[in-house]
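Asker: Structure below; questions to follow.
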Amino acid sequence: MIDIATLKSRLLDLAIYLSVLALISSISLIFYEVLHQSLEALRELGFRLMVEEWNPSLGKYGLAPSLVASFTITSLALLLSVPTSLLVSLYLVFYSSSRVRATVRIAVELLAGIPSVIYGAWGLFVLVPWINDYFGPLVGSSLGKLSPLFRHCESYTGNVFSASTVLAIMVFPILVFTQLEFLSSVPSDYIEAALSVGATKWQVIKTVALPTATPGILAGIILGFGRAIGETMAVSMVSGPTNPPTYPYSLFSSATTITTLDTHEHR
Amino acid sequence: MNIGSLTPGFFEWSALFAAALILLILSILSILLVRILSKTISSKGKVRAFKLLYKPSGKLAELEEKAFLALMTLTSLTIIGVLACILGAIITRGAIATMNIGPKLFYECIRFEVLSAGRAGFGGGLINDIVGSLTLSALATSIATPVAVLSAIYKVEYARRNLLLRAVRIVEDSLSTIPSVIFGIFGFSLFVITLRAITGGVSLLSGGLVLAILILPYISRSIEEALRTVPSGVKEAVLSLGGGKIHLVEVELRQIAPTLVSSILNGFLRTLTESAPLIFTAGPSNFIPRRVWDPAGNLAVRIFLLSFEYRIYDHSIDYAYAASFILIVLVISLSAFSRALYWYFRRYTIP
Chain A
0 MIDIATLKSR LLDLAIYLSV LALISSISLI FYEVLHQSLE ALRELGFRLM VEEWNPSLGK
60 YGLAPSLVAS FTITSLALLL SVPTSLLVSL YLVFYSSSRV RATVRIAVEL LAGIPSVIYG
120 AWGLFVLVPW INDYFGPLVG SSLGKLSPLF RHCESYTGNV FSASTVLAIM VFPILVFTQL
180 EFLSSVPSDY IEAALSVGAT KWQVIKTVAL PTATPGILAG IILGFGRAIG ETMAVSMVSG
240 PTNPPTYPYS LFSSATTITT LDTHEHR
Chain B
0 MNIGSLTPGF FEWSALFAAA LILLILSILS ILLVRILSKT ISSKGKVRAF KLLYKPSGKL
60 AELEEKAFLA LMTLTSLTII GVLACILGAI ITRGAIATMN IGPKLFYECI RFEVLSAGRA
120 GFGGGLINDI VGSLTLSALA TSIATPVAVL SAIYKVEYAR RNLLLRAVRI VEDSLSTIPS
180 VIFGIFGFSL FVITLRAITG GVSLLSGGLV LAILILPYIS RSIEEALRTV PSGVKEAVLS
240 LGGGKIHLVE VELRQIAPTL VSSILNGFLR TLTESAPLIF TAGPSNFIPR RVWDPAGNLA
300 VRIFLLSFEY RIYDHSIDYA YAASFILIVL VISLSAFSRA LYWYFRRYTI P
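Line by line, the protein sequences give chains A and B. Numbering-wise, the first sequence is residues 0 to 266 according to numbering that gives the first Met the number 0. Numbering-wise, the second sequence is residues 0 to 350 according to numbering that gives the first Met the number 0.
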């Protein structure tokens with residue numbers, strides 16, 4: 000005869016193993032579903048999926064323009080936000096007083112907490128009109144003369160530049176948090192050693208702190224890349240998706256990313 | 000060509016899943032790379048240093064120092080400015096829109112109405128979306144919490160350093176990096192199409208299940224971290240009194256009550272802000288859901304939909320701003336509430 004206590008702990012064991020099973024089966028289900036459903040396309044198209052354009056009415060089902068758009072927007076966003084986040088986290092770790100650090104931390108946490116659709120709405124209602132009215136013509140009339148990459152064209156559903164700006168703002172908190180973590184874990188002995196031989200703070204950063212924290216910073220950038228390339232709603236609201244997707248040919252042209260291809264109701 | 004309006008059998012359907020597969024592979028690759036990188040950091044712990052190419056103290060060094068300090072201050076100020084700009088724009092315009100629409104925002108459902116010949120726009124309120132958001136989040140959190148708590152207990156108290164523990168960690172890491180749109184089309188294919196007899200197709204239940212999977216790793220991880228901070232004295236006291244594992248777990252859960260509550264609330268917050276999974280599974284709906292098998296609207300999805308044709312239909316921008324305002328007020332007040340609860344429950348723990 001089993002007493003109540005043993006029965007209870009057996010039940011706990013059972014519940015715990017069941018929940019672990021649920022956790023593992025959930026991701027296997029995701030993999031299975033996605034792989035299973037995409038098998039037909041993979042078998043039929045093979046490598047053409049990566050190089051052809053997407054135009055179902057012509058029987059073309061390639062993802063090339065979307066892939067180009069995704070990678071362009073993501074790398075532009077990282078280009079904008081990696082240097083700024085690095086500067087901010089260096090400032091927070093090595094220069095600022097603890098009061099300033101707390102304030103900026105709260106600001107960055109707030110940035111991280113804003114829903115992505117709200118970034119999208121802000122981009123669409125505030126940023127895109129501003130680009131159309133001021134920034135786009137300015138860049139188009141100056142740099143646009145040098146290269147067609149900067150030529151301005153008006154679009155009210157957004158463009159590559161607005162999408163990467165919004166993405167840069169969204170990725171920023173992730174980058175700052177990882178960089179703060181890794182920069183503040185640089186051993187203080189080494190920093191003090193460098194300071195004691197007469198190096199300025201910036202020289203300490205340049206010669207000791209940054210090289211030591213490089214793997215961590217890289218990890219943060221990769222995390223940010225993963226987040227940026229998978230971001231859906233904000234990007235599809237401000238990148239001006241078209242049907243069929245076209246290759247983004249300039250900073251102010253519309254782009255249709257992979258995630259947008261999945262969600263957007265093309266018109 | 001919205002995946003939600005397609006059915007299996009179309010070739011587009013499969014091609015879109017192939018696109019999702021590419022995204023999935025990219026995200027898994029990125030998390031694997033991050034794991035490898037963080038392993039190299041923890042295993043070596045070595046310090047790399049460069050040589051200085053010029054005198055450490057001098058005119059040049061001083062100038063460099065000053066220039067970079069100025070640059071850093073400027074960047075930090077810019078970031079705070081950008082935040083103020085975004086929050087200010089959303090809150091002021093949102094408050095104005097809320098005032099324009101008036102109190103019917105909180106007791107009427109949204110509807111599409113013809114204003115005059117050739118003009119159409121939105122009318123009514125947003126109560127269906129507010130109720131939908133809150134019920135979806137509540138459902139998802141209540142599904143995810145038991146599983147997350149139990150798997151966190153598994154990781155801390157049950158697991159030895161074996162294959163299963165590593166599997167659980169990899170699963171959690173990858174679940175938290177998978178783009179949310181993948182959860183959406185996975186949920187659409189599994190819950191809405193395959194299991195529609197149980198979940199009722201596009202419904203509150205499907206959306207809740209997908210969101211539950213999405214927030215599982217977040218809740219589980221923060222509870223695990225909290226469990227690891229339980230003082231070993233407390234654990235030893237329980238064991239020395241002859242308590243079994245079940246008593247140990249009970250005491251530990253009481254001990255981490257502050258973090259437990261705040262991490263559950265954080266999961267709730269995260270579900271409030273998600274929209275990509277819900278647009279396929281819970282669907283936009285203009286009515287308050289009566290049962291879990293009914294489709295449910297959602298504030299985030301509503302903002303997304305309203306922004307589509309904002310130049311065509313009247314009042315779209317007003318409603319989008321009002322929904323953003325409500326959402327942001329909900330998010331900020333809930334996160335403040337979760338901090339307050341954390342401090343309240345801290346009184347009952349053994350330091």
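Positions of the beta carbon are idealized from the N, C-alpha and C atoms, including for glycine. Remember, it's a predicted structure, so these values are computed and weren't measured experimentally.
1. Just list the residues that DSSP pairs B/Asp313 with in beta bridges.
2. Looking at B/Gly282: is its Cβ nearer than 7 Å to the Cβ of B/Val167?
3. Give the residues of chain B in contact with A/Met236, contact being defined as C-beta atoms less than 8 Å apart.
4. List, in chain order, every chain A residue whose beta-carbon is nearer than 8 Å to that of B/Trp12.
5. For B/Met98, is the classification buried or exposed, using 16 other Cβ atoms within 10 angstroms of its Cβ as the cut-off for buried?
6. Where does A/Met49 land, buried or exposed, given buried means 16+ other C-beta within 10 angstroms?
7. Run through chain A and tell me which residues come within less than 7 Å of B/Met98, C-beta to C-beta.
8. Could you tell me which chain A residues have their CB closer than 7 Å to the CB of B/Arg310, listed as they occur along the chain?
9. Would A/Ser18 pass as an interface residue toward chain B - the criterion being a Cβ-Cβ separation below 7 Å?
10. From the DSSP output, in three-state form, read off B/Leu329 for me.
11. How would you write the range of the beta strand (DSSP E) that B/Val113 sits in, first residue to last?
12. Distance check for A/Ala254 and A/Leu123, CA to CA, integer angstroms please.
13. Note down the Cα distance separating A/Leu13 from A/His35, rounded to an integer number of angstroms.
14. Check the Cβ of B/Phe185 against every Cβ in chain A and list those closer than 7 Å, keeping chain order.
15. Going by C-alpha to C-alpha distance, which of A/Gln178, A/Pro247, A/Ser154 and A/Pro243 sits closest to A/Asn131?
16. Taking A/Ser56 as the reference, which of B/Leu68, B/Glu11 and B/Ile90 has the closest Cα?
17. By the three-class DSSP mapping on this structure, what secondary structure does A/Ser24 have?
18. With a threshold of 16 other CB atoms inside 10 Å of the CB of B/Asn161, please say whether the residue is buried or exposed.
19. Any Cβ of chain A within less than 7 Å of the Cβ of B/Thr176?
20. Taking only beta-carbon positions, decide if A/Lys59 is within less than 7 Å of chain B.
21. Under a three-way DSSP split, which group does A/Leu13 fall into?
22. Answer with buried or exposed for B/Phe16, where buried requires no fewer than 16 other C-beta atoms within 10 angstroms of its C-beta.
23. May I ask which residues mark the beginning and end of the alpha helix (DSSP H) holding B/Ala94?
24. Based on the DSSP output, what are the partners of A/Lys59 in its beta bridges?
25. Contact check, A/Val237 vs A/Val165 under 8 Å by CB: the rounded distance?
Answerer: Concretely, from the data shown:
1. For B/Asp313, which the question treats as bridged, DSSP gives the partners B/Gly120.
2. Cβ atoms of B/Gly282 and B/Val167: not closer than 7 Å.
3. Near A/Met236 (Cβ distances below 8 Å), the residues of chain B are Phe303 and Ser306.
4. Gln36, listed in chain order.
5. With fewer than 16 Cβ atoms within 10 Å of its Cβ, B/Met98 is classed as exposed.
6. Flag for A/Met49 reads exposed.
7. For B/Met98, there are no C-beta contacts with chain A under 7 Å, since the nearest C-beta of that chain is about 17 Å from it.
8. Neighbours of B/Arg310 on chain A, chain order: Tyr155.
9. Interface residue, yes.
10. Taken through DSSP and simplified to helix, strand or coil, B/Leu329 comes out as helix.
11. Start and end: Ile109 to Ser115.
12. Distance between the alpha carbons of A/Leu123 and A/Ala254 is about 14 Å.
13. Distance between the alpha carbons of A/Leu13 and A/His35 is about 31 Å.
14. Around B/Phe185, the beta-carbon contacts reaching into chain A at under 7 Å are Ile29, Glu32 and Val33.
15. For A/Asn131, the closest alpha carbon among the candidates A/Gln178, A/Pro247, A/Ser154 and A/Pro243 is that of A/Ser154.
16. The residue with the shortest Cα to Cα distance from A/Ser56 is B/Glu11.
17. Shown here, A/Ser24 sits in a helix according to DSSP, grouped into three states.
18. Looking at its Cβ environment, which holds fewer than 16 other Cβ atoms inside 10 Å, B/Asn161 is exposed.
19. Output row for B/Thr176: interface = yes.
20. With respect to chain B, the C-beta atom of A/Lys59 has no partner C-beta closer than 7 Å.
21. When DSSP states are grouped into helix, strand and coil, A/Leu13 belongs to the helix group.
22. A residue is called buried once 16 or more other Cβ atoms fall within 10 Å of its Cβ, and B/Phe16 is buried on that count.
23. In this chain, the alpha helix (DSSP H) harbouring B/Ala94 covers Lys58 to Ile100.
24. A/Asn54, per the DSSP bridge assignment.
25. Indeed, because the Cβ distance is near 5 Å, the residues count as touching under 8 Å.
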